[in-house]
Each structure stands twice: as C-alpha cells, then as structure tokens.
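Peer 1: Residue 246 in the numbering used here sits at position 234 of the first sequence, with consecutive numbering throughout. Beta carbons: idealized from backbone N, C-alpha and C, even for Gly. On a predicted model such as this, the values are computed, not experimentally measured, just so you know.
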Amino acid sequence: MSGTPRYRFAPSPTGYFHVGGARTALYNWILALQNDGVFVLRIEDTDESRNEPQWTQGIIDALAWIGIDGTDTHFEGPYFQSAYAANQVAAAEKLFASGHAYYCDLTSEQIHDRAKIAGRPGYDGFSRDRGLTAGPGRSLRFRVPAGVTVVHDEVRGAVEFDNTTIEDFVLLRGNGKPVFVLANVVDDITMNITHVVRAEEHLPNTPKQQMIWAALGATPPSWAHVPLLVNEQRKKLSKRRDKVALEQYRDEGVVAEAMVNYLMTLGWAPTGDTEIVDFATIVKDFKLSSVNHSSAFFDIKKLNAFNGEYLRQMPVEAFSAACEPWLTSDKAPWPADRFDRGVFLRIAPHVQTRVAVLSEVPAMVDFLFLADVVIDAAAFDKAFSAEWARPLTQSIHDRFVDVEWNHDALKIAVEAIGAASDVKLGKLQAPLRVATTGRSVGPPLFESLEVLGRNETLRRIDAALARAG
RNA sequence: GCCCCCAUCGUCUAGAGGCCUAGGACACCACCCUUUCAAGGUGGCGGCACGGGUUCGAAUCCCGUUGGGGGUGCCA
C-alpha cells in the first residue's frame, strides 16, 4: 500500500452533469486536497447505448467550473473505462480459474421462469456446480460464498449483509462484456484506489464489490456512502424529472463559488453560525465522519439566496465583469453594439443588491441600452391613471430641461414639484419611472436617469406624455 | 416481496447523556430604514415522528412501531 490516498470520481457520460454528481466530486476533491491525495477521474463509458462523447467534455468543463481543475497536481485522468475492457475480462477469467466464478447458459427468460416457479425472485444458482466452461451466450457469475459481509463505511459505520440475500451476480455478459460491478472494481484495483466515496445508492452493491476485491486478492478500499440529494417529493434527483443540470444553473447566472458552498451545506455544515464560508475553510474543516446520514432536499430558493449573497460580496468591478456574458451576447435584449461597459458600471452598484442570479440583470438595465424603451402597458396605465400624473410629469419634464444633471438635483427638483401639489415622492416617481424605464420597478430612479442622460430622459417623457394622451 | 439506509422547525442543518427554556441559515410574517424594488436592521412564527426501555438525568444510548428513501438488470 502506498501512502498516498487515492480517491476517484467515476461518472458515466449519459447527459448533462448532475448537481448530485457535482457534490460527490466535490467531496472526493476536498478529501484529496486535504490529505494530499489524488483525485482520479474515470469516465465509465461502457454502456454503449447511452453514451455520447460530447458529455465527456461536458463533465470535464463542469468539474473545472466548480474548481476541480484538470491541470492541478492532485488531479489524475480522465481515464476511460472502455479502454480497460481487456483487463476486466482477464480479471473475470482469473475469478473463473480460481473457482470464484462459474459460467451459466440460462437466458434471462429461463431465469425468470425458474424464479417464478420457485416463488422467489432472482437467480437461483442453477449452474453453480454444472462445470460449464466459457462459450457463446454463456454469462459468468460470481459464486457468492456463505456467511456475512460487513461493509465498514466511514459515514455509516458497519453495515452487515447476509450473503444468502445476495444472488450469484453476473460478472461477464453472454456477449463476453463486463458488467458495471466488475468493471468498477477491477478499474479501482488497477488504479490503486484507496477510498471510494460515492452516493448512497451504491451501498447495496458494495458487498458484491467487496467480495470481488477479496476474491481477486486485493485489500478493499475504505468505503463512504454519502446521502442522496432529493427533490421536493423526497425522491432521488433525476435527470428526467428534476432540474439537475449544473450547466443550467451556470447559464442562469449562479456563480461557481455559491454553487460549491451551497452544495457543501447539504449533508454537512461548516462549524459556527454562518453557512457562507470560503472554499479554503471547507477544505480545512470537512470530515466524512460528520456527514449526515439522511437525504437532503436540493432547494433552489436557498441556492439563489446563497448566490445573491455571493453577488453582493463581490467588488463592483468583479460583479460587472461577471455580468458581461449576459450583457454582450445574444442573451441580451439589445444589439451588441449598444452595450456600454462604462454606463453599466455606473448603474452596477444598484443592480448588485437587486438580483439573485445574473440572468436577471439584463431586464434591470435594458432601458439604458435599448434605443426605444419597451413600455409595460399595465404598469403604464396604472402609473398614469392618477389625475395629477400627466400634468406633474409635464412639470418634471419642463424642470428637467435645465436642472443640473445629477441624481441629487433631479430628486430635489421632483420632490419640489410633488410638494407643490401635495404628492409624495413615492407616488410621483411612478409615472416618471414607467416613462423612462418602461417598468414600475427597477434600480433607484434618479441614479438611473443620471446615467440615462438628459436628452434621452426628456425624449422618453415626451413620448410617454403623448401616449398618455 | 426481499435486502439495506434514514428520521431535530416547511427546508438545510448545530447537537457525540446534564452546557437545550433545542442554536443558526433559507423561506414566511411584522416593524424600522426608504425615490419603486431590493439590500440592511430588529423582532416573530416554527421542530427533537410515536411507544417502550437504560440512566439520578436522554434530541443524544437500546428495542419496537410508524413513516420516508435506496437497491433488487446480462444499466451505470
């Protein structure tokens, strides 16, 4: 046994990268970092019907996004399980040669029929002592020994399995291809994996894997099964039902730091009264033994709250830079050449406290970059429904012609007009806001107008007055 | 069906027999601040699933019940 702990993350490339996978990867990565170990990435691409090469790059990109850097010295891989097929078959043959496995010529239908007649599900060990050798259509099954298999799990403690409840499971398919349980173990042995940290759904097949390790003469790794991430119905998060794609959250403007921090509060908690902690603290404090045993609901609301917190903590320049993908691409509702970074930077401090995810930003500043502001008709009608709305907005317009153009002066001017007619600023700003920004809510009005500029402000007020008739 | 895991506010969690009148966070509600909306501040609502033990003492240990979940493929 070498002294370097070797962890691994072994996803299959069957779709977008799952947030549950992200958390499992994070656990392994953090453990590798804090123990000066190695994080091995192994792509389990043996299910030819479901694999797509594009997903492999997606996994690598997603890992990089959450800080699991493929160029870091603690990172090793990616390895591809399919490349080790011959090695896995060789291991299976070794198991056959040593009597730990035997061939069986029964078809799935025959097994099913026998089970039905016997009244107990599963394979009944029919070919255990028939002395069959390898042949077309024959599968290789593991000869599960009598006794009890105890899995020592770093999260759950000792878990006992009575071997009579474990059927003689398949190692090699009728077509000669290895199945998951074999491939997984043989690769782990080949790659000198010492610690297997994965989701709880794998706990039931762990005794099988442990038996294979032993039968192959290897020392089983340290196991740890971490709780599942579930949806609101408390069912395992699924790609079909739930919003689980890491890429999707990234595209909506969740920042990686918030995602990582949030993911780490599921099933584990940093010490102290705050859950918002930096990655270095997490790496320092994380312990498998303090991971919870029960499943955790992936709460998008709380994720967004964390994200808002992270966004607000950023220096405004960093926030502004983080916003750019949403402001300069086709995600933005205005032509790319109308975006002005300097203008955005001026309004950014006010946007920063008002968004939870970055994708909300464009709608908050579109009035600055759109040639013609898009008026929300309902908001407009409501704002201009008051008796005073039209005349006072006209007065504001007239005053704005020569008022000093900064937010304080603008505010004082509007306030004065309101005071003369006994209309509070809170109400009076409504028609002005819709006229100039198209909406009833947004960043502080006078700051917005200061950035918008006098000419455009006057032009929009004119247009609104015309519209209000 | 069988095997395995789990059980603290709605949710994520703190809690390793007395520090618990059970702490924090998200959500929710109220108030304050306020140029809308936020942000921020203050306060509030709200939980140890149930039943038995063990113990001077149990959210914490044991057993059972109930409930939830995972697995049970020649998928990974």
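1. Check the DSSP bridge columns for D165 and list the partner residues they point to.
2. Using a threshold of 8 angstroms, is the CB atom of P219 nearer than that to any non-hydrogen atom of the ligand ZN?
3. So, at 6 angstroms on beta carbons, what are the nonlocal neighbours of M13 in its own chain, with the 5 sequence-adjacent residues on each side left out?
4. For F458, I'd like the list of residues in its chain whose CB is within less than 7 angstroms of its CB, leaving aside the five on either flank, ordered along the chain.
5. Would you kindly work out how many angstroms separate the C-alpha atoms of V295 and T177, rounded to a whole number?
6. When you compare each of C116, D388, G284, L183 to D297 by their alpha carbons, which one comes out closest?
7. By Cβ distance below 6 angstroms, which residues in the same chain neighbour G430 in space, the five residues on each side in sequence not counted?
8. Should the segment 234 to 251 be called in touch with the segment 26 to 33, which here means at least 3 C-beta pairs below 8 angstroms?
9. Rounded to a whole number of angstroms, what is the C-alpha to C-alpha distance between N204 and M223?
10. Among V198, A211, G27, which one has its Cα closest to the Cα of L300?
11. Could you check which residue in N175, V289, K106 has the C-alpha nearest to that of A146?
12. Keeping to the same chain, check which residues put their C-beta closer than 6 angstroms to that of M326; ignore five residues upstream and five downstream.
13. Measuring straight from C-alpha to C-alpha, what distance separates A330 and Q406?
14. Compare the Cα-Cα distances from T293 to each of F51, S302, N273 and report the closest residue.
15. Identify, in the order they occur along the chain, each residue of the same chain with its Cβ nearer than 7 angstroms to the Cβ of L45, setting aside the five sequence neighbours on each side.
16. With 16 as the cutoff for other CB atoms within 10 Å, does R324 come out buried or exposed?
17. Got a sec? Which residues, its chain only, sit under 6 angstroms from D378 by beta carbon, not counting five neighbours each side?
18. If I'm right that A195 touches Q100 with Cβ under 8 angstroms, what's the distance once you round it to whole angstroms?
19. Along the alpha helix (DSSP H) that carries G354, what are the first and last residues, could you check?
20. Within a Cβ cutoff of 7 angstroms, which residues of the same chain sit near D81, ignoring the five residues on either side of it in sequence?
21. Decide if the segment 309 to 325 is in contact with the segment 261 to 278; the criterion is three or more beta carbon pairs, one per stretch, under 8 angstroms apart.
22. Please work out which residues of its chain come closer than 7 angstroms, Cβ to Cβ, to A268, disregarding the five sequence neighbours upstream and downstream, and give them in chain order.
Peer 2: By the coordinates alone:
1. Along the first sequence, read from residue 1 onward, the residue named residue 165 stands at position 153. Looking at the DSSP output, D165 sits in a beta bridge with G169, W235.
2. The ligand ZN is not among the ligands present in this structure, which contains no ligands whatsoever.
3. Locating residue 13 in the first sequence gives position 1, where the first residue counts as 1. Summary for M13: the model assigns pLDDT 47, below 50, so the residue's position carries little reliability, and this model does not support an answer.
4. Walking along the first sequence from the start, residue 458 turns up at place 446. Contacts found: H419, L422, K423.
5. Numbered from its first residue, the first sequence carries residue 295 at position 283. Numbered from its first residue, the first sequence carries residue 177 at position 165. Our two residues, V295 and T177, have alpha carbons roughly 39 angstroms apart in a direct line.
6. Stepping through the first sequence from its first residue, residue 297 is reached at position 285. A check of alpha carbon separations from D297 across C116, D388, G284, L183 identifies G284 as the nearest.
7. As a first step, residue 430 is located in the first sequence; it is residue number 418 there, counting from the start. L437, L440.
8. Contact holds between the segment 234 to 251 and the segment 26 to 33, because three or more Cβ pairs, one in each stretch, are under 8 angstroms apart.
9. Translated into the one-based positions of the first sequence, residue 204 becomes position 192. Translated into the one-based positions of the first sequence, residue 223 becomes position 211. Whole-angstrom Cα-Cα distance: 17 angstroms.
10. The count along the first sequence starts at 1 and reaches residue 300 at position 288. Of the residues V198, A211, G27, the one whose Cα lies closest to the Cα of L300 is A211.
11. One-based indexing of the first sequence puts residue 146 at position 134. Checked all of N175, V289, K106; the closest Cα to A146 is K106.
12. Position 314 of the first sequence, counted from the start, is the residue given in the question as residue 326. Result list for M326: empty, nothing under 6 angstroms.
13. Here the question's residue 330 lines up with position 318 in the first sequence. Here the question's residue 406 lines up with position 394 in the first sequence. C-alpha separation (whole angstroms): 40 angstroms.
14. Position 281 of the first sequence, counting from 1, holds the residue named residue 293. Among F51, S302, N273, the Cα nearest to that of T293 is on N273.
15. Here the question's residue 45 lines up with position 33 in the first sequence. Around L45: H86, V295.
16. Counted from its first residue, the first sequence places residue 324 at position 312. Burial call: exposed.
17. For this step, residue 378 is matched to residue 366 along the first sequence. Here the set comprises P345.
18. In the first sequence, counting from the first residue as 1, residue 195 sits at position 183. In the first sequence, counting from the first residue as 1, residue 100 sits at position 88. The pair is a contact, with the Cβ atoms about 5 angstroms apart (cut-off 8 angstroms).
19. Translated into positions along the first sequence, residue 354 becomes position 342. Going by DSSP, G354 is part of the alpha helix (DSSP H) stretching over 353 to 364.
20. Mapped onto the first sequence, residue 81 falls at position 69. Residues F87 of the same chain have their beta carbon placed closer than 7 angstroms to that of D81, with the five preceding and five following residues left out of the count.
21. Counting Cβ pairs under 8 angstroms, three or more are found: they touch.
22. Your numbering for residue 268 matches position 256 in the first sequence. So the list reads W77, I78, G79, once near-sequence residues are dropped.
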